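Now the structure itself:
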């Protein structure tokens, strides 16, 4: 049973990790050059967040793996996490 679970986990983790890392890594194009986090940090946070959401939704039986709602949820999670990483720690100048 454990090899079956590990096989499923590896197979289902590829898409959210790739989409999350790509979205997080390219977030500076959407949110501007003033991102507080480095591209590696944005990519890793977005990939981890997208993977966790994917595992909750697919593993919990709420969505089918590979459905358009699954892809949409992963992309939305990665976009929001990279936006928070980009905008959240931005230093503002006060006069």
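Numbering (the numbering used here), first residue to last: 853 to 947.
We treat Cβ as the ideally placed atom computed from N, Cα and C, and that holds for glycine.
Since this is a predicted model, take the numbers as computed values, not measurements.
Collapsed DSSP secondary structure at residue i in the structure displayed
{"i": "residue 867", "result": "helix"}
{"i": "residue 945", "result": "With a pLDDT of 47 at residue 945, under the threshold of 50, the predicted position of this residue should be treated as unreliable, and no value is reported."}
{"i": "residue 916", "result": "coil"}
{"i": "residue 858", "result": "helix"}
{"i": "residue 909", "result": "helix"}
{"i": "residue 938", "result": "helix"}
{"i": "residue 876", "result": "helix"}
Neighbourhood of residue i by C-beta, 7 Å cutoff - its chain only, sequence neighbours within 5 removed
{"i": "residue 898", "result": "872, 873, 875, 876, 930, 933 and 934"}
{"i": "residue 905", "result": "925, 926 and 929"}
{"i": "residue 901", "result": "872, 929, 930 and 933"}
{"i": "residue 853", "result": "none"}
{"i": "residue 865", "result": "903"}
Beta-carbon proximity check, residue i vs residue j, cutoff 7 Å
{"i": "residue 893", "j": "residue 879", "result": "no"}
{"i": "residue 869", "j": "residue 914", "result": "no"}
{"i": "residue 917", "j": "residue 910", "result": "yes"}
Close Cβ partners of residue i (< 6 Å) along its chain, the five nearest in sequence each way excluded
{"i": "residue 922", "result": "915"}
Run of the alpha helix (DSSP H) containing residue i, from where it starts to where it stops
{"i": "residue 879", "result": "879-883"}
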